[in-house]
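Below: one structure, written as structure tokens.
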Amino acid sequence: MTDKIEKGPADTPPAGSGASDTPYEAIKAIPVRHYGRWVSGVIVVALLGWLVYAFSQGNVIWATVKDKLFDPAVLSGLGNTVIISVSSMALGLVLGIVFAVMRLSKNPVTGAVSWLYIWFFRGTPVYVQLLVWFNLSLIFQYINLGPIYKNETVDVMTPFMVALLGLGLNEGAYMAEIVRAGIQSVDEGQTEAAHALGMPQTKTMRRIVLPQAMRVIIPPTGNEFINMLKTSSLVSAVQYTELLRASSNIGNTAGAIMEMLFVASFWYLALTSVFSVGQYYLERRFARGSTRNLPPTPFQRLRANLNMFRRTEVAR
44 MTDKIEKGPA DTPPAGSGAS DTPYEAIKAI PVRHYGRWVS GVIVVALLGW LVYAFSQGNV
104 IWATVKDKLF DPAVLSGLGN TVIISVSSMA LGLVLGIVFA VMRLSKNPVT GAVSWLYIWF
164 FRGTPVYVQL LVWFNLSLIF QYINLGPIYK NETVDVMTPF MVALLGLGLN EGAYMAEIVR
224 AGIQSVDEGQ TEAAHALGMP QTKTMRRIVL PQAMRVIIPP TGNEFINMLK TSSLVSAVQY
284 TELLRASSNI GNTAGAIMEM LFVASFWYLA LTSVFSVGQY YLERRFARGS TRNLPPTPFQ
344 RLRANLNMFR RTEVAR
């Protein structure tokens, strides 16, 4: 759709310029008004207002939500959620790199072991894996590593260890596929050039391939970590006191079950929002080598939209 044209005051070309003496009119472009956008915006705002009003009229004591938002038990559970999520993601990332390299290896044994690991942990629910680790003492009464370490399984498999193994091993299977895709996105000529310079395979992977593959690996890894923050709520089943379990304990004791669920939801949203911003800037950093012009930051985009709105108002 073209912009409307408004005729301005007549103007005359300078004398002696060789142009015709016929006066011409300056062109002034006026942006087209998109009334449909305003109508759809009003409808969306009205629906959101109705939703907020509906919740405000429900049988929820919002004062309790406000009072319990910074309860010490809730903040302790919030810290445990961050700790188990970061620890499990770190373990999953290390395992993902190892099994991705094994999967791409020309050795059929390492390739088969990697495939079996990925197949098993991606094919079974993480909740089932947590319960298996939690009840591991029913299979092995002792953890016996010979002269290195020996102890009863019930003492070794603490709630934190169960949560770490259950989430970390499961995440490692998904990260292995993400890392494998990132490695395969790097041109083979990079590896051949490194080998021609005498670099061994491990150094080539560490110094040449993986740094270039990070541009492909970072976005899905960020999504996996944000998903890990929410998946960590499952570890309440193995008696690890994270955010959901801490909130539920307070809700069951105080008879404010729904209120404490809103408290937990608020903190989950806060965590995902903070880490989403971090993911955005991390992706932007690793995109420097492949993108000539980096995408604008949210603040730059907001400033550009405000400036465009002001120019539109002035043109009107």
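Under my numbering, the first residue of the sequence shown carries the number 44, and numbering increases by one thereafter.
Glycine included, C-beta positions come from ideal geometry on N, C-alpha and C.
query: Assign V117 to buried or exposed, taking buried as 16 or more other Cβ atoms, counted over all protein chains shown, within 10 Å of its Cβ.; result: buried
query: Give the C-beta separation of V281 and V205 to the nearest angstrom, bearing in mind that I take them to be a contact with Cβ-Cβ under 8 Å.; result: 5 Å
query: Quick one: grab the DSSP three-state call for Y192.; result: coil
query: Going by CA-CA distance only, name the one from N187, V171, R165 that's closest to I221.; result: R165
query: Could you tell me if Q172 is buried or exposed, where buried requires 16 or more neighbouring beta carbons within 10 angstroms of its beta carbon?; result: buried
query: Can you tell me the Cβ-Cβ gap for V144 and M248, rounded? I've got them flagged as a contact below 8 Å.; result: 7 Å
query: Where does A69 sit, in a helix, a strand or coil, going by DSSP?; result: strand
query: Whose C-alpha, out of W176, I140, N178, is nearest the C-alpha of I161?; result: I140
query: I need the DSSP call for I269, collapsed to helix, strand or coil.; result: helix
query: Along the chain, which unbroken stretches of the alpha helix (DSSP H) at least 4 residues long are found entirely within the stretch 182-236?; result: 196-199, 202-227
query: Give the range of the alpha helix (DSSP H) segment to which E285 is assigned.; result: Note, E285: premise wrong, no alpha helix (DSSP H); not H, not E.
query: Might you give, ordered along the chain, the residues of its own chain that have their beta carbon closer than 6 Å to the beta carbon of G209, omitting 5 neighbours on each side?; result: Q172, L173, W176
query: At a cut-off of 8 Å, is T245 close to the ligand FAD when judged by its beta-carbon and the heavy atoms of the ligand?; result: This structure simply doesn't include the ligand FAD, nor any ligand for that matter.
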